[in-house]
Amino acid sequence: MQIQRSSGVLLHVSSLPGGRLGREAFRFVDWLAAAGQSWWALLPLGPPDWAGSPYASPSAFAAHPGYLARPAARLGRGELAAFVDRERYWIGDWAAFAGPGTAADQARFDREWRALRRYAAERGVRLLGDIPIYVARGADTEAHAELFQRGVVAGAPPDSLSAVGQLWGNPLYDWGALRAHGYHWWIERLRRTFELVDLARIDHFRGFVAYWAVPAGNRTAKRGRWRRGPGASLFRAAEQALGPLPLVAEDLGVITRPVERLRDQLGLPGMVVMQFGYEGPRSNPHRLENHRRRALVYVGTHDCDTAVGWWHSLSSRERRATGLPGVEPHWELIEAAFSSKAELAIVQAQDVLGLGSGARMNRPGTSKGNWRWRLSPRQLTAEHAARLRAATEAAGRGATS
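Quick note on numbering: our numbering labels position 86 of the sequence shown as 945, and the sequence is numbered without any gaps.
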């Protein structure tokens, strides 16, 4: 998918005032249009886990019924039946896992989401979604146990940040079994994703080249080992079934040449993050001068501190080394990101508002206090929209630029 030079704002559905669809979602679309933004970036839409994380969902297909607007509208005659027929690959598995009534909730979500997506498209706003590479134990692992390995779980190896690695605990795919089934489960997962969004960021892209497998029962990820992923074969099978894939490769972290080759072979944009670009060697890919055109540039991701929080975390020496004035660090980072040669620039709503660390969405490695930040009604004002529009147009990212 070719992305024109443009920009957007990251705000998850749970961060809307009230944390649901409905009037506030449409109002946010209106604000994006007024701000000259072409994209609304979202986190995964599936049911979150007990800690509120949308990256550990018990279903790779279902949407979270907690996002339904209040009051929930009644389904029309035949609407539920049509939805169940269209989503027959997965809806029965989800209903068996989640209980009676969940099929109706998904049908209502689809109606509300389609109306919102249509409204956004009419105002020049497209939707950027997010696909976690792994799923949590739940509907998919119960219904398709043959597609998942036993005795090992997902994680990341020891590195400079953690001597024992990161133990995620997700079930790992049996890529041989998936290949033997023509990657059908993944194809249906991507098909469902593209029903909901215009472009999707695929998380932990490096795991498709090689992934870290940790023996189940270990308390750390230290004793894991690398295993080979499916490489291009998964994506080629999906392309055959679905056509060109509107995907973005989340290629953050320590990325090897084989990962870069797969990303480029598939023609996918990668990612760079402004907050990572003021440290390390001159070859650091996140430095503004090293950005690639075929990329998305983020001021910060949902795993990062806010721009203001990041600035205040730096020492005086580190602040001087950035070359930023530091008067309004959030706007300075936004304007720097917008000046990038990267095709698409994304800024968190918290950074448009200039909020501190208390508005951070997630702190990786912690299980409490995350995923809770929420906008207040009308917190994003016409003045914020005007300033963001001015920055967007000055950088040649506006819809009419």
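Glycine residues also receive a C-beta, built at the ideal position from the N, C-alpha and C atoms.
Note that the coordinates shown come from a computational prediction; the quantities given were computed from them, not determined experimentally.
Starting from residue i and walking both ways along the alpha helix (DSSP H), at which residues does that stretch end?
| i | result |
| --- | --- |
| PRO1030 | From DSSP, PRO1030 is part of no alpha helix (DSSP H) but of the beta strand (DSSP E) over 1025-1032. |
| LEU901 | Element bounds for LEU901: n/a, residue is neither H nor E. |
| LEU1125 | Element bounds for LEU1125: n/a, residue is neither H nor E. |
| ALA921 | Per DSSP, ALA921 belongs to no alpha helix (DSSP H) and is neither H nor E. |
| ARG879 | Careful: ARG879 lies outside any alpha helix (DSSP H) and carries neither H nor E. |
| ARG1248 | 1241-1253 |
| ARG1176 | 1175-1181 |
| GLY951 | 950-957 |
| LEU939 | 938-945 |
| THR1000 | 998-1002 |
| VAL1158 | Segment: none, VAL1158 is in no alpha helix (DSSP H) and carries neither H nor E. |
Helix, strand or coil: which one does DSSP assign to residue i?
| i | result |
| --- | --- |
| GLN1207 | strand |
| LEU1093 | helix |
| VAL1285 | With the chain represented from 860 up to 1260, any question about residue 1285 goes unanswered, as that position is not in the structure. |
| GLN1135 | Per the sequence presented here, residue 1135 reads as Phe, with Gln not at that position. Helix. |
| ARG1009 | strand |
| ILE862 | coil |
| VAL1056 | coil |
| LEU1192 | helix |
| GLY1066 | helix |
| ASP964 | helix |
| ALA1075 | coil |
| LEU987 | strand |
| GLY1102 | coil |
| VAL1186 | coil |
| ARG1151 | coil |
| GLY1035 | helix |
| LEU1111 | coil |
| VAL888 | helix |
| ALA995 | coil |
| LEU934 | coil |
Is residue j closer than 8 Å to residue i when the C-beta atoms are compared?
| i | j | result |
| --- | --- | --- |
| PRO1030 | ARG1084 | no |
| VAL1156 | SER1199 | yes |
| MET860 | LEU1058 | yes |
| ARG1233 | SER874 | yes |
| PRO1184 | GLU1194 | no |
| ILE1061 | ALA1097 | no |
| MET1130 | GLU1148 | no |
| VAL1107 | VAL1158 | no |
| LEU1326 | TYR926 | Absent from the model: residue 1326. The displayed extent of the chain is 860 to 1260, so no value can be given. |
Whole-angstrom Cβ separation of residue i and residue j, contact assumed at under 8 Å?
| i | j | result |
| --- | --- | --- |
| GLY1028 | ALA1013 | 7 Å |
| ARG1116 | PHE920 | Not really, about 34 Å apart at Cβ, beyond 8 Å. |
| VAL943 | VAL1211 | Rounded, the Cβ-Cβ distance is 40 Å, inconsistent with contact. |
| TRP1071 | PRO1016 | 5 Å |
| ARG1091 | LEU1121 | Here the sequence assigns Ala to residue 1091, which means Arg is not the residue at that position. Rounded, the Cβ-Cβ distance is 6 Å, consistent with contact. |
| GLY911 | ASN1229 | 6 Å |
Report whether the distance from the Cβ of residue i to the nearest heavy atom of the ligand GTP is below 7 Å.
| i | result |
| --- | --- |
| ALA921 | Of the ligands one can find in the structure shown there are none, so the ligand GTP has no counterpart to examine. |
Within the continuous beta strand (DSSP E) that includes residue i, where are the two ends?
| i | result |
| --- | --- |
| ARG1087 | 1084-1087 |
Assess contact between the stretch 943-957 and the stretch 980-994, defined as three or more Cβ pairs (one per stretch) separated by less than 8 Å. Is contact present?
In this structure the stretch 943-957 does not touch the stretch 980-994; the number of beta carbon pairs closer than 8 Å is below three.
Taking three-plus beta-carbon pairs below 8 Å as touching, is the stretch 1142-1152 in contact with the stretch 1176-1189?
no
Below 8 Å, can you find three or more Cβ-Cβ pairs linking the stretch 897-904 to the stretch 976-988?
yes
Counting pairs of Cβ atoms below 8 Å between the stretch 1211-1225 and the stretch 1159-1172, do you hit three or more?
yes
Give a yes or no on contact between the stretch 1036-1045 and the stretch 974-981, applying the rule of three or more CB pairs nearer than 8 Å.
Result no; under three Cβ-Cβ pairs closer than 8 Å.
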